[in-house]
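The numbering of the sequence shown is the working numbering, which starts it at 130 and goes up by one.
We treat Cβ as the ideally placed atom computed from N, Cα and C, and that holds for glycine.
Since the model is a prediction, treat every value here as computed from it, not as a measurement.
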Amino acid sequence: MLASDFMDLFSSITLSDQFRLEDFADRLHLLTVVLFSLAATVVGLKQYVFNPLSCYIAVGPSGDQFSDYVQSYCWVHGTIPLKAGEPLPDTPSEWEQYDRLRRVTYYQWVPFVLGLQCILFYVPHLAWQAACSNQAGGDVIQLVKAAADAATSERAAREKQVKRVAEFLTDMIISSRAYRQHTGRRSTARRLYQNCNVCSTARRTGTCLIILYMIFKIIMLINAILQLYLIQRFLGFHTEGSTGQRSMNLGRVSSSRGVVAVSNANEDWSGIGFGLTVANHLRSGRDWPETTLFPRVAYCRVRGIRLVGVENAYTAQCALPVNMLNEKIYIFFWFWLVVVIAASFTSLLLWLIRVVFTPRRKNFIKRFLRIKIAMIKNKPGAVSRSDIDDFVDDYLRRDGVFLIRMLSLNAGEVITAEIVTELYNDYLEQHSPADSPRREEKAPIVAPDLV
130 MLASDFMDLF SSITLSDQFR LEDFADRLHL LTVVLFSLAA TVVGLKQYVF NPLSCYIAVG
190 PSGDQFSDYV QSYCWVHGTI PLKAGEPLPD TPSEWEQYDR LRRVTYYQWV PFVLGLQCIL
250 FYVPHLAWQA ACSNQAGGDV IQLVKAAADA ATSERAAREK QVKRVAEFLT DMIISSRAYR
310 QHTGRRSTAR RLYQNCNVCS TARRTGTCLI ILYMIFKIIM LINAILQLYL IQRFLGFHTE
370 GSTGQRSMNL GRVSSSRGVV AVSNANEDWS GIGFGLTVAN HLRSGRDWPE TTLFPRVAYC
430 RVRGIRLVGV ENAYTAQCAL PVNMLNEKIY IFFWFWLVVV IAASFTSLLL WLIRVVFTPR
490 RKNFIKRFLR IKIAMIKNKP GAVSRSDIDD FVDDYLRRDG VFLIRMLSLN AGEVITAEIV
550 TELYNDYLEQ HSPADSPRRE EKAPIVAPDL V
């Protein structure tokens, strides 16, 4: 019943109705939040609701209480994995050495680390939404949602929605320009603050949103890279190589934080990523008995049991089915994060190109005004090409083009073309003198019929 309720809740979570100023790579980060949340919940249920391990002692005190105590002790204290064919330690000193070098305790923390990674992926999105609300001069998320709703509305309602979105964008543009042009009475300290404040300067130049978005993209890329490093660090894999190498009579042991991996003299983990290492082991048929990665069976030394005044120690053999789940989860997330990093890096490069190169911005807007461009070709002198250039450079500026591009990504090009057309008509009305014959020549264009 619990599992079915949980799956019903998860199936109700969709990203398609989440309208944000984000592109495909940003949505991958949001999907990663859902995946980490799901994984943390599943592993947490397995560990703290169901039975994470089961231990057996061949000879020991009878009774369920002792059996429950052994399982609780081994879960809290940790277990010691051994390679296939490797003998058990014989003396208490050997057990202490194995316990110090090989004891595995990372799996108790898996759901908490997954939950932490979920939070770390979601916090930048919250910061970006807050920045949009504070710096854009309006609720841009509702703007995108209104445009998306207009795309699926009837024609009459669609035209009203398009006008509303265009008016909203116009108000944002005018408020930004008014902020730039405001020269009221201000104290010297106030003027100095506004001149030195980066975001205030960016708003005056029409680049506030795009700068914040580029910072957001960089933070998300760095966050994904650090998350990949966190996984490798948590599981004991370091790109710098293994640490804490010590020798024993039974072989060479490399110990690091997290998983303690037993290696042969010819085995080198240096410079190999976790996902590639495990995938290579699976491809070559080397499972956990040979590598002790995510051990399914391990041993636990239970000491300090007093019977009739004598302190006894017992060796328990424990099965760890939770590690089968942990292995699959971390292999998946390692490769998933590699994909997210690649997508984030590609998206960052594309946005840098869009921001830096002015012709790309103008061509992007001209694509939605191709009917007006056709009028320019068929009726020379009606509208000069400089009008569209001024519309992009002086009226929309980089933030306006950025919002239109986000409308295109989230609401579709058809509705975006109508909104851009409406914006351009408003621009012609505002920037042509009322008694100018040129205003009559600049007849408002009709939205492209792309349906």
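Between the alpha carbons of Leu-364 and Arg-527 lies a gap of roughly 44 Å. Annotation for Tyr-185: no alpha helix (DSSP H) segment contains it, though the beta strand (DSSP E) segment containing it runs 183-185. Looking at Phe-195, Ala-168, Glu-542, Arg-489, the one whose alpha-carbon comes closest to that of Arg-432 is Phe-195. Runs of the alpha helix (DSSP H) spanning 4 or more residues and lying entirely within the stretch 464-542 occur at 487-497, 499-507, 514-519, 526-540, in chain order. Rounded to the nearest angstrom, the Cβ distance from Ala-427 to Val-233 is 7 Å, consistent with a contact under 8 Å. Bounds of the alpha helix (DSSP H) holding Val-199 are 193-206. Excluding its 5 nearest sequence neighbours in each direction, Phe-165 has C-beta neighbours in its own chain below 8 Å: Leu-243, Gly-244, Gln-246, Cys-247, Phe-250, Phe-462, listed in chain order. A residue is called buried when at least 16 other Cβ atoms come within 10 angstroms of its Cβ; Arg-489 does not meet this threshold and is exposed. At a Cβ-Cβ threshold of 8 Å, Val-543 and Ala-280 count as neighbours.
Distance from the Cα of Asn-441 is smallest, within the candidate group Leu-477, Pro-221, Lys-212, for Pro-221. As the crow flies, the alpha-carbon of Val-549 is around 16 Å from that of Asp-278.
Apart from the 5 residues on each side of it in sequence, Tyr-556 sits with its Cβ closer than 7 Å to the Cβ of Phe-520, Tyr-524 in its chain, given in chain order. In this structure, the straight-line span from the alpha carbon of Leu-359 to that of Tyr-342 is close to 25 Å. Fewer than three pairs of CB atoms, one per stretch, sit closer than 8 Å, so the stretch 169-183 makes no contact with the stretch 251-263. Straight-line measurement puts the Cα of Phe-423 at about 10 Å from the Cα of Pro-450. Around the C-beta of Arg-412, fewer than 16 other C-beta atoms lie within 10 Å, and the residue is accordingly described as exposed. By the Cβ-count criterion, Ile-339 is buried, with 16 or more other Cβ atoms from all chains shown falling within 10 Å of its own Cβ.
DSSP places Ala-213 in the coil class of the three-state scheme, outside both helix and strand. The DSSP-derived three-state label of Val-252 is helix.
The continuous alpha helix (DSSP H) containing Thr-161 extends over residues 153-177. Asn-455 is classed as buried because its beta carbon has at least 16 other beta carbons within 10 Å across all chains shown.
Cys-429 has Ala-445 as its beta-bridge partners, per DSSP. The count of Cβ pairs closer than 8 Å, one atom from the stretch 206-218 and one from the stretch 462-474, stays below three, leaving the stretches out of contact. Shown here, Val-269 sits in a helix according to DSSP, grouped into three states.
Closest by C-alpha distance to Gln-226, out of Ile-209, Tyr-235, Arg-287, is Ile-209. For Val-239, the closest of Met-453, Val-188, Leu-466 by C-alpha to C-alpha distance is Met-453. In this structure, the alpha-carbon of Leu-355 lies about 16 Å from that of Leu-157.
For the 8 Å CB-CB criterion, Val-273 and Leu-150 form a contact.
Non-local beta-carbon contacts of Lys-292 in its own chain, meaning distances under 8 Å to residues more than five positions away in sequence, involve Glu-551 in chain order. Among the bridge pairs identified by DSSP, Val-233 is matched with Thr-208.
Around Thr-487, the same chain offers Asp-522 as residues with beta carbons nearer than 8 Å, after the five sequence neighbours per side are excluded. For Thr-406, the enclosing alpha helix (DSSP H) begins and ends at 403-412. Burial is judged here by how many other beta carbons sit within 10 angstroms of a residue's own beta carbon; Gly-404 has at least 16 and is buried. Out of Leu-498, Arg-229, Asp-193, Tyr-235, the CA that lies nearest to the CA of Gln-361 is found in Tyr-235. Closest by C-alpha distance to Phe-531, out of Arg-514, Ile-517, Phe-493, His-206, is Phe-493.
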